[in-house]
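Numbering (our numbering), first residue to last: 435 to 880. C-beta: ideal position from N, C-alpha, C; glycine also. Just so we're clear, the structure is a prediction, and the values are computed from it rather than from any experiment. Below you'll find the structure, written out as structure tokens, and then a few comments.
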Ligand SMILES: [Zn+2]
């Protein structure tokens, strides 16, 4: 197998790798310390002297299809429940063709921002869109991005006391059968897996208690991970108290979900004892700062959660009225929001980078990702600091977060360059943007 030395980076987020790293196939095999040369025979060299090298960023929560309803005018200034109920009927019009464009656009935006592993939470299955996950897998494979796709679900319609309309919910038995189908068809195991599937009922207010319970048993049998939204808003606390007579985390525990197989999106409104319970269980939390700010959901207690032993990852989410899929930008957003929340000394740029790398990898249950070290997958994101916003920088790693990097120059996934000179080789960007924008305008009826 060919070996590549990514040599002499301007900065690198790794231990003892001042002279770079050596990659063989899809794996990092060596970190080269200051003053040394690789021990391994090197076939090719990439001069990284103008690049800051980070572990490939990992997005732990998203809804690709929502790129089609960005800044939808009727939903612009609504809180979460109002935003959702305004958009459900629009999303009911989602077609396989539209979802394909949405997934492609989201992958492209993520890759160009340094993301090498994308998770998606797709939970809208109107009639005709049964192959949603299959479509997302095909698009990921075409672009060479690693994915952990979560098969979402809604089964509790407004008629039955839930939030979504009947047009977008499915029956529990159909959902469980499709969980099994997509895992059997797409889920890969072992280090370096490019496609994985997790099971993901949308939220406590959109599925039945039975579905939550049965999904745990199925995930254990199939050995896949579990994901859902929890504790995002105060409205959700009120909903749970009224419907279930308990708080969201109590409900989660009651249905068997308070385990280390689970990662939760948002995880904002937890009290001290709930933070401790999450830590004891090892349940992961995906922090989604921009979404939380736009919907004004509140502050995720990232520092407290990590101190309690909770793995905390980072996600761009799709669920904000002005969403973006730029993950390196989200690192900065997380850094800023948590600084406001916890104070200057409590949060550094390295903390924010950890959430988007090791933290997200832990949420997804991936020990092979999220770190530049021998034996880890060869996923790296490389940024140049030659734009005006970086000029005059000191610490190159801090510059990425604090000066505000927004575009990767080179991205490697599984040892293969997926982004070269700030572009995706072979992609007709103009055609994609035109088709995606047309599809969005049709859905929004503009
Ligand atoms: Zn979400």
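At a Cβ-Cβ threshold of 8 Å, residue 553 and residue 571 do not count as neighbours.
Membership of residue 830 in the alpha helix (DSSP H) is indicated by the continuous run 830-833. Of the heavy atoms belonging to ligand 1, none sits nearer than 7 Å to the Cβ of residue 485. Residue 621 has its CB no nearer than 7 Å to any heavy atom of ligand 1. Taking a 10 Å sphere around the C-beta of residue 580, we find 16 or more other C-beta atoms and assign the residue as buried.
In this structure, ligand 1 has no non-hydrogen atom nearer than 7 Å to the beta-carbon of residue 757.
Residue range 863-878 is occupied by the alpha helix (DSSP H) that includes residue 870. Sixteen is the threshold: when 16 or more other Cβ atoms of the shown chains lie within 10 Å of the Cβ of residue 489, as they do, the residue is buried. If you check the CB distance, residue 479 and residue 446 do not come in under 8 Å.
Around the beta carbon of residue 834, 16 or more other beta carbons lie within 10 angstroms, which makes this residue buried.
Between residue 870 and residue 536, the C-beta spacing is below 8 Å.
The beta carbon of residue 775 lies closer than 7 Å to those of 733 in the same chain, with the five residues before and after it left out. Checking the 7 Å criterion, the Cβ of residue 554 is out of range of every heavy atom belonging to ligand 1.
Setting aside the 5 residues that flank it on each side, residue 502 is surrounded in the same chain by 532, 536, 873, 874 and 877, each with a C-beta closer than 7 Å to its C-beta; the list follows chain order.
For residue 699, the shortest separation between its Cβ and any heavy atom of ligand 1 lies below 7 Å. Around residue 610, the same chain offers 645, 648, 649 and 652 as residues with beta carbons nearer than 8 Å, after the five sequence neighbours per side are excluded.
Contact between the segment 449-460 and the segment 491-502 is not established, with fewer than three Cβ pairs separated by less than 8 Å.
Residue pairing by DSSP puts residue 662 in a beta bridge opposite 698. With contacts defined as CB atoms closer than 8 Å, residue 795 and residue 803 qualify as a contacting pair. For residue 805, the secondary structure class from DSSP, reduced to helix, strand or coil, is coil. A check of alpha carbon separations from residue 728 across 602, 741 and 752 identifies 752 as the nearest. Per the coordinates, the alpha-carbon of residue 760 lies some 16 Å from the alpha-carbon of residue 771. Residue 716 is positioned such that its CB atom lies closer than 8 Å to that of residue 694. The segment 460-472 and the segment 501-515 do not touch, with fewer than three beta-carbon pairs separated by less than 8 Å. Across the set 798, 439 and 779, the C-alpha of 798 shows the shortest separation from the C-alpha of residue 661.
In the structure shown, the three-state DSSP call for residue 725 is helix. If you look at residue 549, you'll find it in the beta strand (DSSP E) that goes 549-556.
Between the C-alpha atoms of residue 815 and residue 442 there is a straight-line separation of about 15 Å. Ligand 1 has no heavy atom closer than 7 Å to the beta-carbon of residue 747. Residue pairing of residue 817 in beta bridges, as defined by DSSP: 486.
Residue pairing for residue 585: DSSP places it in a beta bridge opposite 556 and 633.
Residue burial annotation: residue 723 is buried, with at least 16 other C-beta atoms found within 10 angstroms of its C-beta. Put simply, the segment 655-669 does not touch the segment 804-812. Fewer than three CB pairs are less than 8 Å apart. Judged by DSSP in its simplified three-state form, residue 846 adopts strand. Look at residue 462 here: in three-state DSSP terms it is strand.
In this structure, the CA atom of residue 697 is about 29 Å from the CA atom of residue 817.
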